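Here is the structure we will look at, set down as structure tokens.
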Amino acid sequence: MDNIHKLLKLSRDTVKIALCKLKELDKNNVNSYRFSSEIPREVKSKADLLIEDVIISKLKNTGVSILSEESGMLVGENKSDLLFIVDPIDGTVNFLRGILNCSISIALYNGNTPIFGVLASFPDEVFAWGGKMFGSYINETKITTSNINVLENGVLCTGFPSRFKFNKNTMLFQMSIMSKFCKVRMIGSASQSLLCIARGAAECYIEKEIMLWDVAAGIAIVEGAGGKVNTAPGSSDFSLSIAVDNGRFDPEITDKFI
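Numbering (this note's numbering), first residue to last: 6 to 263.
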């Protein structure tokens, strides 16, 4: 447990350092990017790479393996099942175009089990962290999910990630879920959507073909705040379909959202 607390402190310190770097990049208009040649609609930015360098330089000395969006799997010297999962900027287009918030995120997993997640939001500089064994917090204030337990009164966060397959069946399925809620919001960042669930600003979040690093930290924070997470494997490595709620709904209803 002592080691977990040390890794948590390191992760919290690291996202703060990375956020300072991101603010510097924004101030200096470091906003160059390209579209991936392999994945339609996937944006690769210089800022992502620079922030990833900052994070990995701080985490690699722990010996824990690191899975990061830009570099893939970096195997550490520590042969345990612990794994850092890093997204240097979740919501890259938000950052590049000045749309709402984006996040710097670090999660620690033991195998497939989330231990903790840490987020730093830009530009509002909100720091969030949590997990089942800790509870969840924003700027040191404990957060919990909402008490709403009727879909028709709830807010759904969703989105269409780069790997989402647009066709009649997927769109009809998506619309059938969206129509059950009072309001639907697309924030452009999976981690920010999950943070909305954790702090009680929304009740559910769904996405198809989202990547693990996009949601890893947010999953831990939602669970620490009392929410429920359900996932199913996606069509490519590290992709998944996810349905998250505030923990107040009948699982027979929300589990069908996968």
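The beta-carbon is built from N, C-alpha and C at its ideal position, and this holds for glycine as well.
For clarity, every value in this text was computed on a predicted model and none was experimentally measured.
Span of the alpha helix (DSSP H), counted from its first residue to its last, around residue i
| i | result |
| --- | --- |
| Met183 | 173 to 183 |
Residue closest to residue i, alpha-carbon to alpha-carbon, out of the options
| i | options | result |
| --- | --- | --- |
| Lys261 | Ile211, Lys28, Ile215 | Ile211 |
| Phe169 | Ile215, Glu145, Leu72 | Ile215 |
| Tyr114 | Glu74, Val91, Thr163 | Val91 |
| Val98 | Ser110, Asp58, Arg46 | Arg46 |
| Lys137 | Gly229, Ala221, Asn36 | Gly229 |
| Ala112 | Thr175, Asn251, Leu72 | Leu72 |
Secondary structure of residue i, DSSP reduced to three states
| i | result |
| --- | --- |
| Glu64 | The question names Glu, but residue 64 in the sequence shown is Leu. In the structure shown, Leu64 sits in a helix (DSSP, three-state: H, G or I). |
| Phe132 | strand |
| Glu57 | helix |
| Arg168 | coil |
| Arg17 | helix |
| Phe100 | helix |
| Thr259 | helix |
| Ser37 | coil |
| Ala195 | helix |
| Lys137 | coil |
Buried versus exposed call for residue i [16 or more other C-beta atoms within 10 Å across all chains shown]
| i | result |
| --- | --- |
| Val80 | exposed |
| Ser62 | exposed |
| Val227 | buried |
| Ala237 | exposed |
Length of the line joining the Cα atoms of residue i and residue j
| i | j | result |
| --- | --- | --- |
| Arg106 | Gln197 | The sequence shown places Asn at residue 106, not Arg. So the two alpha carbons sit approximately 7 angstroms from each other. |
| Gln179 | Glu157 | 16 angstroms |
| Phe121 | Ser167 | 26 angstroms |
| Gly96 | Phe171 | 20 angstroms |
Residue range of the beta strand (DSSP E) that includes residue i
| i | result |
| --- | --- |
| Ser108 | 107 to 115 |
| Gly223 | No beta strand (DSSP E) holds Gly223; the alpha helix (DSSP H) holding it covers 217 to 229. |
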